Structures are given as structure tokens and as C-alpha cells.
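Enquirer:
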Amino acid sequence: MEELELCRAWRDHQDVAARNRLVESHLDSVRALAHKYASGRAPLDDLVAVGRIGLLRACETFDPERGLRFMTYASFWVRAEMLSFVWHNRSLVPAGRSKLQRRLHPLRHERERLLQETGDQDAVDEALADRAGVSLEQFRRGMSEWNRRDVALDEPVSPGGQLTRLEELTDDAPDSEVLLLSREVCDVRRDVVAAALESLDDRERFIVESHLMASPDEEMSLSELGQALGVSRERVRQLELRAKRKIKSQLKRAPYEVELLLVS
0 MEELELCRAW
10 RDHQDVAARN
20 RLVESHLDSV
30 RALAHKYASG
40 RAPLDDLVAV
50 GRIGLLRACE
60 TFDPERGLRF
70 MTYASFWVRA
80 EMLSFVWHNR
90 SLVPAGRSKL
100 QRRLHPLRHE
110 RERLLQETGD
120 QDAVDEALAD
130 RAGVSLEQFR
140 RGMSEWNRRD
150 VALDEPVSPG
160 GQLTRLEELT
170 DDAPDSEVLL
180 LSREVCDVRR
190 DVVAAALESL
200 DDRERFIVES
210 HLMASPDEEM
220 SLSELGQALG
230 VSRERVRQLE
240 LRAKRKIKSQ
250 LKRAPYEVEL
260 LLVS
């Protein structure tokens, strides 16, 4: 079964076997992307695992009739999940971590994801505590210690100062992961917008690009758009509102950390 047929089988019939074949067929591409981000804090196998989640998320929104190859579309979701994982595990914690904290560190991202998916903190904490081989009380204490000791990347180095932790790291280590993350943030911002625009029909996209995204010199008014499309000004306004709702829906699908990057 070809890629297009697999996509349609999943979209039209919720054929899980077809979806899984589609995902498995692109794991080599996921692994290639994972090599870009792999480090001590972000092991290759973990990145491949979160990249697979990105493929699954792409399956939920991919439209095979739009003319794009699946991986072209899915690469945004894969990279966004990987960036989210790397960013989440890029905590600036003093070297003197406790043994408990070191044991629990790999589970922090997964805990966050499971809490978002299930909303059942007791069940999530119990399952992860069991996996880590610690009691529920120890697990929660360790997570609490991490939360207290984490330092936000955009927090000023000193009260009232202008230099942030991220900028300090960049200054001290110009070839560090931070520079890679900075470049990837720009790429992900661009891809988020591209994915959102992909969800629009031709008229909606024309309105967004000619009105909302255009420079002041090139921006078309609602009346001008109506004339170009052969509809009333009120109809243009309705289409614009519909486009905004679609874009908002797409942005909400992005991993939480990536949503924050969009407004940073």
C-alpha cells in the first residue's frame, strides 16, 4: 500500500494498522533528525521515541489531498516534539544533584506529557515511581526538588539585570546546545506558521496573507478583498474569523514549550 493510500485509510477509516505502517516507514527520517539533537541530556533513543509521537500527531491532522508528502508535513511535528524534549531537559541545575534527582531526571518530561494527556496525577506518579524503583513519597519529593531548583532560561542573572541565563550561556559557550536551540526556535516558529496556513482553504489563506500578514504598504482592506474574491465585505470578515479559529486550533496542537516560543 502506497503512502497516499495509507494516509487515506487512516483518515477515512481510522485504520490503525495503516497508520502504524505509515509511522514505521518514516522512522529512519526521525532517527536522522534525532542525531541533530542528541546529547548527554537528550539521548538518541529518547529523541526517536518523542519523534515517533510527532509522527502520530501529524497523522491526526495531515490531509493527503493537499499535495504534500507526509514527511514534509510531519517533520514540523517531529522537530517540535524533539525541541520540546531538549528544551525541557535543558534545566540549569547546580552540579551537586542528589542521587534521587539524577534517577528521576529522565522521567520529568514523560511525567509532564502524561499529566497533560490523562490529568490523573496520582496514577501517573504511582506508575513512574514504580518504574524508578522509589516510593511515591520519594518520587514526589524528588520532583518537588527539581521544580525548586530549576532556573528559567529567560530569568535575569541578577535582580533587575538585563542579561538572561540563556544569553549568559551563549556568551560563555558559543558552540553549545543553546545556539542550536536558538536556531531551531526560529525554524520551528516558521514551521508552526506554515502548518497553520496549510489548514486553510484557498480563500482563507488569501485573506490571511493579504490582510493579516501583509506589510502596511501591501495590506488589502476587507472591501478590496471582497472585490478580489467576488464576495461582500461581511463575507470576507466571516472568512477571516474562520481562518483565525483554524490557525488558533493548529497552534494549540503544538507542544506546550513550542507555544511559549511563539510568543517569546
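Residue numbers (numbering that gives the first Met the number 0): 0 to 263. The beta carbon of each residue, even a glycine, is placed where N, CA and C say it ideally should be. Please read these numbers as outputs of a predicted model, since none were measured by experiment.
#1: Would you kindly check if the distance between the Cβ of P63 and the Cβ of L3 is under 8 Å?
#2: The alpha helix (DSSP H) that contains H25, what's its start and end?
#3: Select from S220, S222, M142 and E208 the residue whose C-alpha is nearest the C-alpha of A242.
#4: Label K247 either buried or exposed according to how many other C-beta atoms from any shown protein chain fall within 10 Å of its C-beta, with 16 as the threshold for buried.
#5: At the level of alpha carbons, what is the spacing between D124 and F138?
#6: So, at 6 Å on beta carbons, what are the nonlocal neighbours of G53 in its own chain, with the 5 sequence-adjacent residues on each side left out?
#7: What do you reckon, are the CB atoms on L221 and R236 nearer than 8 Å?
#8: Hey, could you find the ends of the alpha helix (DSSP H) F205 is sitting in?
#9: Is P42 helix, strand or coil by DSSP?
#10: In angstroms with no decimal places, state the Cα-to-Cα distance between F84 and R20.
#11: Output the distance between the C-alpha atoms of D119 and A195, rounded to the nearest integer angstrom.
#12: Between the Cα of L238 and the Cα atoms of R202, R56 and S214, which residue gives the shortest distance?
#13: Determine the burial state of D11: buried for a count of at least 16 other Cβ atoms within 10 Å of its Cβ, exposed for fewer.
#14: Is A33 closer than 8 Å to V47 when the C-beta atoms are compared?
#15: How big is the Cα-Cα spacing for M219 and I206?
Expert: Concretely, from the data shown:
#1: Counting from 1 along the sequence shown, the entry for residue 3 is found at position 4. Counting from 1 along the sequence shown, the entry for residue 63 is found at position 64. For L3 and P63, yes; Cβs fall inside 8 Å.
#2: Here residue 25 refers to the residue found at position 26 of the sequence shown. First-last for H25: undefined, no H or E at that position.
#3: For the purposes of this step, residue 242 is taken as residue 243 along the sequence shown, with counting starting at 1. Ranking the options by Cα distance to A242, first place goes to E208.
#4: Taking the sequence shown and counting its residues from 1, the one referred to as residue 247 is at position 248. Result: exposed.
#5: Translated into positions along the sequence shown, residue 124 becomes position 125. Translated into positions along the sequence shown, residue 138 becomes position 139. Cα-Cα distance, rounded: 7 Å.
#6: For the purposes of this step, residue 53 is taken as the residue at position 54 of the sequence shown. Answer for G53: W76, V77 and E80, listed in chain order.
#7: The count along the sequence shown starts at 1 and reaches residue 221 at position 222. The count along the sequence shown starts at 1 and reaches residue 236 at position 237. Yes, the pair counts as a contact, with Cβ atoms nearer than the cut-off.
#8: On the sequence shown, residue 205 is found 206 positions in, with the first residue counted as 1. Note, F205: alpha helix (DSSP H), D201 to I206.
#9: Translated into positions along the sequence shown, residue 42 becomes position 43. In this structure, P42 counts as coil in the three-state DSSP scheme.
#10: Taking the first residue of the sequence shown as 1, we reach residue 84 at position 85. Taking the first residue of the sequence shown as 1, we reach residue 20 at position 21. Rounded to the nearest angstrom, the two C-alpha atoms are 25 Å apart.
#11: Taking the sequence shown and counting its residues from 1, the one referred to as residue 119 is at position 120. Taking the sequence shown and counting its residues from 1, the one referred to as residue 195 is at position 196. If I take the Cα positions, the gap works out to 30 Å.
#12: As a working note, residue 238 is residue 239 in the sequence shown. Answer by Cα proximity: R202.
#13: The residue you call residue 11 lines up with position 12 of the sequence shown. Burial call: exposed.
#14: Indexing the sequence shown from 1 puts residue 47 at position 48. Indexing the sequence shown from 1 puts residue 33 at position 34. Cβ distance < 8 Å, so V47 and A33 count as in contact.
#15: If you number the sequence shown from 1, residue 219 lands on position 220. If you number the sequence shown from 1, residue 206 lands on position 207. Rounded to whole angstroms, M219 to I206 spans 9 Å at the Cα level.
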